[in-house]
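Peer 1: Let me give you the structure first, and then I'll get to my questions.
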Amino acid sequence: MRFETARANRARDPQRHRVACAALGGSPRSPDTALLDPLTACHHAVSLPRKEYGHAGEASTSPPPPHDFESSPVARSIDRGWPSGSRRIDRWSTAMQHHAYNRLGSGGAGGGGGTPSPPASPRRSPRIHRRGGKTGGGRGATLAPPRTLAQRMAWMLLSLLLRRQAIFLFAPLLYVAAMIFYMGTLPLDSVPRIISRPAPGSVYRSPMLYERLRADMEADNSSDGLATVWKHSFKDDRWRPCINTSADGKICNAVAVARYLNATLIIPYFPYHSIWRDPSKFNDIYDKDHFISTLINEVRVVDKVPEFLMERFGNNMSNVFNFKIKAWSSIQYYKDAVLPKLAEEKLIRFSPFANRLSFNAPSAVQRLRCLANFEALRFSNPITTLAEKLVSRMKEHSVDNNGRYIAVHLRFEEDMVAFSCCIFDGGEEEKQDMIAARERGWRGKFTKPGRIIRPGAIRINGKCPLTPLEVGLMLRGMGFSNDTAIYLASGKIYKAEKTMAPLLEMFPLLQTKETLASAEELAPFKNYSSRMAAIDYNVCLHSEVFVSTQGGNFPQILIGHRRYLYGGHSKTIKPDKRKLALLFDNPNIGWKSVKRQLLNMRAHSDAKGIEMKRPNDSIYSYPCPDCMCLSNKTEILRSSSVR
Numbered sequence: 001m002r003f004e005t006a007r008a009n010r011a012r013d014p015q016r017h018r019v020a021c022a023a024l025g026g027s028p029r030s031p032d033t034a035l036l037d038p039l040t041a042c043h044h045a046v047s048l049p050r051k052e053y054g055h056a057g058e059a060s061t062s063p064p065p066p067h068d069f070e071s072s073p074v075a076r077s078i079d080r081g082w083p084s085g086s087r088r089i090d091r092w093s094t095a096m097q098h099h100a101y102n103r104l105g106s107g108g109a110g111g112g113g114g115t116p117s118p119p120a121s122p123r124r125s126p127r128i129h130r131r132g133g134k135t136g137g138g139r140g141a142t143l144a145p146p147r148t149l150a151q152r153m154a155w156m157l158l159s160l161l162l163r164r165q166a167i168f169l170f171a172p173l174l175y176v177a178a179m180i181f182y183m184g185t186l187p188l189d190s191v192p193r194i195i196s197r198p199a200p201g202s203v204y205r206s207p208m209l210y211e212r213l214r215a216d217m218e219a220d221n222s223s224d225g226l227a228t229v230w231k232h233s234f235k236d237d238r239w240r241p242c243i244n245t246s247a248d249g250k251i252c253n254a255v256a257v258a259r260y261l262n263a264t265l266i267i268p269y270f271p272y273h274s275i276w277r278d279p280s281k282f283n284d285i286y287d288k289d290h291f292i293s294t295l296i297n298e299v300r301v302v303d304k305v306p307e308f309l310m311e312r313f314g315n316n317m318s319n320v321f322n323f324k325i326k327a328w329s330s331i332q333y334y335k336d337a338v339l340p341k342l343a344e345e346k347l348i349r350f351s352p353f354a355n356r357l358s359f360n361a362p363s364a365v366q367r368l369r370c371l372a373n374f375e376a377l378r379f380s381n382p383i384t385t386l387a388e389k390l391v392s393r394m395k396e397h398s399v400d401n402n403g404r405y406i407a408v409h410l411r412f413e414e415d416m417v418a419f420s421c422c423i424f425d426g427g428e429e430e431k432q433d434m435i436a437a438r439e440r441g442w443r444g445k446f447t448k449p450g451r452i453i454r455p456g457a458i459r460i461n462g463k464c465p466l467t468p469l470e471v472g473l474m475l476r477g478m479g480f481s482n483d484t485a486i487y488l489a490s491g492k493i494y495k496a497e498k499t500m501a502p503l504l505e506m507f508p509l510l511q512t513k514e515t516l517a518s519a520e521e522l523a524p525f526k527n528y529s530s531r532m533a534a535i536d537y538n539v540c541l542h543s544e545v546f547v548s549t550q551g552g553n554f555p556q557i558l559i560g561h562r563r564y565l566y567g568g569h570s571k572t573i574k575p576d577k578r579k580l581a582l583l584f585d586n587p588n589i590g591w592k593s594v595k596r597q598l599l600n601m602r603a604h605s606d607a608k609g610i611e612m613k614r615p616n617d618s619i620y621s622y623p624c625p626d627c628m629c630l631s632n633k634t635e636i637l638r639s640s641s642v643r
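Take 1 as the starting number for the sequence shown in the UniProt record's numbering and just add one per residue.
Laid out in structure tokens, this is it:
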């Protein structure tokens, strides 16, 4: 094909072929020779002048430097006449070689004679030649540095991959084969051992922490205890109870709703609870006569439904229309939806009624709530009498601290431990006990398909109830010494003999209603959990410090009541249980670090001082400012001197 193309080009333009040969100083040869090499198809009849090289007077037969053929008229003429591509450059190199050989001969057209021709010069790469021609101004080519072995190998590998793309199909097979070969060299009976620390909170570490810190704790004599608790609680302005309901007209919510609807309130009925199993009625826990007399100017309260109304419903309370109220409904909803139904039926009931009235209500409704909660509701005389005795006995046990004691509300009963789904140190026995307790109290609630229980995450999120041991560690770290008198308000502690032992070691003066009262004194209340809780409530209400370890109605109402009695300051420690979980889960922490962090936690409770009610806060926990009024220090001192 190349020969035919060259023949066609020469035949098409013979004049251009003659011009090229004339430029070389020869004449055209035969067509067959031109087909083999167009540049050698000319007879080189011209011999360039000989030039001497080397030292003076010495002739050199060494070949001259390469002729700059690319910039010569011959190259330009050939460039104009030759087609294109690298073949043209190769032909230029061939022409230069023939020209050099002819120049070394003694004369003649062919340069033939007895002298043999010198060896051919090495051919230069066209790419390098062009680069040298551009950068060197036409005076020679610059050779690239030789490649190293690594570069050549990399270039060969890359070229192989790019040119042979099928190799990529075999690469995964080669990888799998190599892995199989490697795995075949391992013994089959060996199993890799993975060592990892359990997830935070998944292990109950408090007993281990106590054993490690016990010596340092007992040697620590820097406890300040009750001496400096809330030393800055007295302000220039204090709050005092101030309930005025003369503006307009659960139990307290019912009082407020009845007053707002101008309806008669029937003494509330307490339903039987499967967990508490307490059949107590309203007058067993509260002073019914005091309740009615306190609200006489606001709401008409009766003990039972009149007979003529009950006859209308067949003397059966279940036939009375039960109005289902949505949680946290506004007071306006009762006026718009409940009042028309009450006018139609003459008698309606609300069941259940817990949390069925929003805490954002008009001021008159809020003050009526305060009146019902803090003034009208008073415990029955048997409960109040025994509670006062226990308070007096607690002060006797804390004579070294001027009669001041700490009250701790501990929720570590079996039902609380079961409901939390947390894991402690009871092992398989504890696990089976908790499964049985959950089935008794909440049948099927914790065994629904798809429900996942993560005890470690529950603990880290601060949802596990504090154990007696953790309460003791917390109080010692907060600066309360082992001679501090503590009243423990709780139900039946789970595994009390085992779990209470560390707390009693840290606080030997710890008391409960069972240790303060005789068996005869507790007998009337023994099987009634609500009445026993009422006794605990009264003793905690008059303590110097109240410690809440778990949420619920008991601590929330008690904190608000303490604020109502103590000038707006609750004097309550509410620990950050998330921080406590991380603190007690650290196996390397020291006693000094534990105490520093717990003192900061106590200082945070102290710094809060008087807290005002925010939107959606419970008025029973934050009575300021709806239930209280400001009074300055002068008025307080004056009232104290008059007494």
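Beta carbons: idealized from backbone N, C-alpha and C, even for Gly.
What is the DSSP secondary structure of aspartate 626, counted as helix, strand or coil?
Peer 2: As a working note, residue 626 is residue 626 in the sequence shown. Note: aspartate 626 maps to coil in three-state DSSP.
Peer 1: Based on DSSP bridge pairs, tell me the residues matched to proline 241.
Peer 2: Translated into positions along the sequence shown, residue 241 becomes position 241. Per DSSP, Met628.
Peer 1: Reducing DSSP to helix, strand and coil, say where proline 49 ends up.
Peer 2: Taking the sequence shown and counting its residues from 1, one reaches residue 49 at position 49. The pLDDT assigned to proline 49 is 45, lower than 50, so where the model puts this residue is not dependable, and the model offers no usable value.
Peer 1: For cysteine 422 and cysteine 464, I'd like the C-alpha separation in whole angstroms.
Peer 2: On the sequence shown, residue 422 is found 422 positions in, with the first residue counted as 1. On the sequence shown, residue 464 is found 464 positions in, with the first residue counted as 1. Approximately 6 Å between the Cα atoms of the pair.
Peer 1: Between the alpha carbons of phenylalanine 507 and methionine 434, how many angstroms are there, rounded?
Peer 2: Residue 507 sits at position 507 when you count from the first residue of the sequence shown. Residue 434 sits at position 434 when you count from the first residue of the sequence shown. Their Cα atoms are separated by approximately 29 Å.
Peer 1: What are the start and end residues of the beta strand (DSSP E) that includes valine 203?
Peer 2: One-based indexing of the sequence shown puts residue 203 at position 203. From DSSP, valine 203 is part of no beta strand (DSSP E); its letter is neither H nor E.
Peer 1: Thinking just about the alpha-carbon of each residue, which of Ser530, Ile559, Tyr566, Lys608 is nearest to the one in tyrosine 272?
Peer 2: Against the sequence shown, residue 272 aligns to sequence position 272. Nearest of Ser530, Ile559, Tyr566, Lys608 to tyrosine 272, Cα basis: Ser530.
Peer 1: Using a threshold of 8 Å, state whether the C-beta atoms of lysine 577 and methionine 601 are closer than that.
Peer 2: In the sequence shown, counting from the first residue as 1, residue 577 sits at position 577. In the sequence shown, counting from the first residue as 1, residue 601 sits at position 601. No, Cβ-Cβ distance for lysine 577 and methionine 601 is not below 8 Å.
Peer 1: Decide yes or no for the touch test of the segment 590-608 against the segment 473-486: beta carbon pairs closer than 8 Å, at least 3 of them.
Peer 2: Output reads yes: the segment 473-486 touches the segment 590-608.
Peer 1: Give the secondary structure of alanine 327 by DSSP, where H, G and I count as helix, E and B as strand, and everything else as coil.
Peer 2: Locating residue 327 in the sequence shown gives position 327, where the first residue counts as 1. Reduced to three states, the DSSP call for alanine 327 is coil.
Peer 1: Could you tell me whether the Cβ atoms of threonine 264 and arginine 312 are closer together than 8 Å?
Peer 2: Indexing the sequence shown from 1 puts residue 264 at position 264. Indexing the sequence shown from 1 puts residue 312 at position 312. Cβ distance not < 8 Å, so threonine 264 and arginine 312 don't count as in contact.
Peer 1: So which of Pro468, Arg438, Glu520, Ser518 has the shortest CA-CA distance to leucine 510?
Peer 2: Locating residue 510 in the sequence shown gives position 510, where the first residue counts as 1. The option with the nearest alpha carbon to leucine 510 is Pro468.
Peer 1: Run the CB neighbour count on threonine 512, radius 10 Å, all protein chains shown included, and call it buried at 16 or more, exposed below.
Peer 2: Position 512 of the sequence shown, counted from the start, is the residue given in the question as residue 512. Buried.
Peer 1: Residues in its own chain within less than 6 Å of asparagine 322 by CB, not counting five upstream and five downstream?
Peer 2: Counted from its first residue, the sequence shown places residue 322 at position 322. Once the five neighbours on either side are set aside, the close Cβ partners of asparagine 322 are Arg349, Ser351.
Peer 1: Anyone know if the C-beta pair for phenylalanine 379 and asparagine 482 falls short of 8 Å?
Peer 2: Within the sequence shown, the letter at position 379 stands for residue 379. Within the sequence shown, the letter at position 482 stands for residue 482. Result no, Cβ atoms of phenylalanine 379 and asparagine 482 do not sit closer than 8 Å.
Peer 1: Please report how far the alpha carbon of arginine 614 lies from the alpha carbon of valine 545, in whole angstroms.
Peer 2: As a first step, residue 614 must be located in the sequence shown, where it is residue number 614. As a first step, residue 545 must be located in the sequence shown, where it is residue number 545. Each residue's Cα considered, the two are about 24 Å apart.
Peer 1: Using alpha carbons as the reference points, say which of Lys492, Ile331, Ala603, Met317 lies closest to proline 362.
Peer 2: Residue numbering aside, residue 362 sits at position 362 when the sequence shown is read from its first letter. Among Lys492, Ile331, Ala603, Met317, the Cα nearest to that of proline 362 belongs to Ile331.
Peer 1: In angstroms with no decimal places, state the Cα-to-Cα distance between leucine 630 and proline 623.
Peer 2: Against the sequence shown, residue 630 aligns to sequence position 630. Against the sequence shown, residue 623 aligns to sequence position 623. Those two C-alpha atoms are separated by around 12 Å.
Peer 1: Give the straight-line distance between the Cα atoms of methionine 532 and aspartate 336, rounded to the nearest whole angstrom.
Peer 2: Start at 1 with the first residue of the sequence shown, and residue 532 comes out as number 532. Start at 1 with the first residue of the sequence shown, and residue 336 comes out as number 336. Using only the alpha carbons, I get a separation of about 40 Å.
Peer 1: Distance check for isoleucine 383 and alanine 418, CA to CA, integer angstroms please.
Peer 2: Position 418 of the sequence shown holds residue 418. Position 383 of the sequence shown holds residue 383. So the alpha carbons of these two residues sit roughly 30 Å apart.
Peer 1: Along the chain, where does the beta strand (DSSP E) containing alanine 489 start, and where does it finish?
Peer 2: Within the sequence shown, the letter at position 489 stands for residue 489. Unbroken beta strand (DSSP E) run through alanine 489: 486-489.
Peer 1: Go through the segment 519-573 residue by residue and report every complete run of the beta strand (DSSP E) that reaches 3 residues or more, in order.
Peer 2: Counting whole runs of 3 or more residues, the segment 519-573 contains the beta strand (DSSP E) stretches 545-548.
Peer 1: Specify the secondary structure class of phenylalanine 313 as computed by DSSP and reduced to three states.
Peer 2: As a working note, residue 313 is residue 313 in the sequence shown. Residue state, collapsed to three classes: coil.
Peer 1: Can you grab the Cα-Cα spacing for the pair lysine 431 / phenylalanine 412, in whole Å?
Peer 2: Taking the sequence shown and counting its residues from 1, one reaches residue 431 at position 431. Taking the sequence shown and counting its residues from 1, one reaches residue 412 at position 412. C-alpha separation (whole angstroms): 15 Å.
Peer 1: What's the C-alpha gap between tyrosine 487 and arginine 440?
Peer 2: As a working note, residue 487 is residue 487 in the sequence shown. As a working note, residue 440 is residue 440 in the sequence shown. So the alpha carbons of these two residues sit roughly 30 Å apart.
Peer 1: What's the C-alpha gap between alanine 256 and glutamine 366?
Peer 2: Taking the sequence shown and counting its residues from 1, the one referred to as residue 256 is at position 256. Taking the sequence shown and counting its residues from 1, the one referred to as residue 366 is at position 366. Rounded to the nearest angstrom, the two C-alpha atoms are 8 Å apart.
Peer 1: Taking the C-alpha atoms as reference points, what is the distance between glycine 551 and asparagine 527?
Peer 2: Translated into the one-based positions of the sequence shown, residue 551 becomes position 551. Translated into the one-based positions of the sequence shown, residue 527 becomes position 527. In a straight line, the C-alpha of glycine 551 is about 24 Å away from that of asparagine 527.
Peer 1: For histidine 290, report the span of its alpha helix (DSSP H) as first-last.
Peer 2: Along the sequence shown, read from residue 1 onward, the residue named residue 290 stands at position 290. Histidine 290 -> alpha helix (DSSP H) spans 288-294.
Peer 1: With the cut-off set at 8 Å, would you say phenylalanine 374 and histidine 561 are in Cβ contact?
Peer 2: Within the sequence shown, numbered from 1, the residue matching residue 374 stands at position 374. Within the sequence shown, numbered from 1, the residue matching residue 561 stands at position 561. Yes, they are a contact pair.
Peer 1: Please report the straight-line C-alpha distance between valine 305 and serine 329, rounded to a whole angstrom.
Peer 2: Translated into positions along the sequence shown, residue 305 becomes position 305. Translated into positions along the sequence shown, residue 329 becomes position 329. Taking the straight line from one Cα to the other gives about 26 Å.
Peer 1: Looking at the unbroken alpha helix (DSSP H) that takes in isoleucine 460, where does it start and where does it end?
Peer 2: Counting from one through the sequence shown, the residue named residue 460 turns up at place 460. Run containing isoleucine 460: 455-460, per the alpha helix (DSSP H) assignment.
Peer 1: Rounded to a whole number of angstroms, what is the C-alpha to C-alpha distance between threonine 385 and asparagine 586?
Peer 2: In the sequence shown, residue 385 corresponds to position 385, counting from 1. In the sequence shown, residue 586 corresponds to position 586, counting from 1. The straight-line gap from Cα to Cα measures roughly 46 Å.
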